[in-house]
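A short worksheet on the structure shown next.
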Amino acid sequence: MIITALIENTSNNKDLKAEHGLSLYINQGKRKILFDTGASGAFAENAAQMKIDLSDVELMVLSHGHYDHGGGLKTFLKENSKAKIYLHSNAFGDFYSNKQNGQTSYIGLDPTLLPDNRFVFTRGVMNLEDGAELFSDIEGTEFCPSGNSDLLVKTEEGYRQDDFCHEQNLILRENGKTVLIAGCAHNGIVNILERFREKEGCFPDVVIGGFHLYNRSFDRNESPELVAEIGKYLSATGAKYYTCHCTGTVSYNQLKTLMGEQIDYLSTGSQLTI
Ligand SMILES: [Fe+2]
Ligand SMILES: [Fe+2]
Numbered sequence: 005m006i007i008t009a010l011i012e013n014t015s016n017n018k019d020l021k022a023e024h025g026l027s028l029y030i031n032q033g034k035r036k037i038l039f040d041t042g043a044s045g046a047f048a049e050n051a052a053q054m055k056i057d058l059s060d061v062e063l064m065v066l067s068h069g070h071y072d073h074g075g076g077l078k079t080f081l082k083e084n085s086k087a088k089i090y091l092h093s094n095a096f097g098d099f100y101s102n103k104q105n106g107q108t109s110y111i112g113l114d115p116t117l118l119p120d121n122r123f124v125f126t127r128g129v130m131n132l133e134d135g136a137e138l139f140s141d142i143e144g145t146e147f148c149p150s151g152n153s154d155l156l157v158k159t160e161e162g163y164r165q166d167d168f169c170h171e172q173n174l175i176l177r178e179n180g181k182t183v184l185i186a187g188c189a190h191n192g193i194v195n196i197l198e199r200f201r202e203k204e205g206c207f208p209d210v211v212i213g214g215f216h217l218y219n220r221s222f223d224r225n226e227s228p229e230l231v232a233e234i235g236k237y238l239s240a241t242g243a244k245y246y247t248c249h250c251t252g253t254v255s256y257n258q259l260k261t262l263m264g265e266q267i268d269y270l271s272t273g274s275q276l277t278i
């Protein structure tokens, strides 16, 4: 399996754009998968720069209904005419973020994309066949990111804190290895891993994704105490971690100090062979 970071918050290559968002391109056997689309069409520009043909993608997964993961959906729908797009049934919710000026701003998906017969709305566990599976029913509440408290959903009764029931995670299996991919891990990477263990009876070999340990609206990093607890848990799983995006560099550096070789950063343009 080869996983390429099409875009995330940093880039080590001057020819590739970076933005606050995430998009991964995955070769799993003969199948090409796109996981998230970043915040804009920049993921597609980077793909072209890396000679990756997005029209070949057969399966697209959207991790959750935030613009920094689904902002490039319109571009993807234009560049690709065949892939089914798997997103949670709640992904087109009315999502907002608190801002420093006391206002809120819309951070959901572009509602004009609905309806589209290529969207497949998911719930719970969904087997996508050929070694791919989605799961979204996360119930644990251990070590949740504190930045979640500034992320909201608008309902008929007004704003309430988002419960992230629109978030889903991808499991990929190939050559005896299991890879777990999360978008922002708003449900808490520890709770996602606990759900994985409950379902599979073991931990994955590799985990990839943002851990939401940085609150962008308020430029605030997660407390070192919480990051230390998370690092201790992650170390004990024995998995290899590649993190990026909303983990933030301060929390990543702390995790790196705690976990050493067990964790690395995945910048735009990086490629992993698993
Ligand atoms: Fe998010
Ligand atoms: Fe994000």
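The sequence shown runs 5 to 278 under our numbering.
All residues carry an ideal CB built from backbone N, CA and C; glycine is no exception.
By the CB criterion at 8 Å, L28 and I7 fall inside the cutoff. With fewer than 16 other beta carbons inside 10 angstroms of its own, P228 counts as exposed. When DSSP states are grouped into helix, strand and coil, S101 belongs to the strand group. By alpha-carbon distance to F139, the top candidate from Q275, Y246, S67 is S67. Counting only residues of its own chain and dropping the five nearest sequence neighbours on each side, L113 has a CB closer than 6 Å to the CB of G69, G74, F96. Counting only the Cα atoms, V65 lies some 16 Å from A48. Under the DSSP assignment, N131 falls in the beta strand (DSSP E) whose first and last residues are 129 to 133.
Residue state for N173 is assigned as strand, using DSSP reduced to three classes.
As for any beta strand (DSSP E) of minimum length 3 sitting wholly inside the stretch 8 to 54, the runs are 27 to 32, 35 to 39, ordered along the chain. Per DSSP, the continuous alpha helix (DSSP H) segment holding F200 begins and ends at 193 to 204. For H70, there is no enclosing alpha helix (DSSP H), as DSSP gives it neither H nor E. Distances taken from the Cβ of C248 to the heavy atoms of ligand 1 include none shorter than 7 Å. When the Cα atoms are used, Y245 and L118 turn out to be separated by approximately 35 Å. Shown here, I234 sits in a helix according to DSSP, grouped into three states. With at least 16 other beta carbons inside 10 angstroms of its own, F215 counts as buried.
Within 10 angstroms of the beta-carbon of D40 lie 16 or more other beta-carbons, which makes it buried. Annotated three-state conformation of E137 is strand, per DSSP.
With a cutoff of 7 Å, G214 counts as near ligand 2, since its C-beta is closer than that to a heavy atom of the ligand.
For G187, the distance from the CB to the nearest heavy atom of ligand 2 is below 7 Å.
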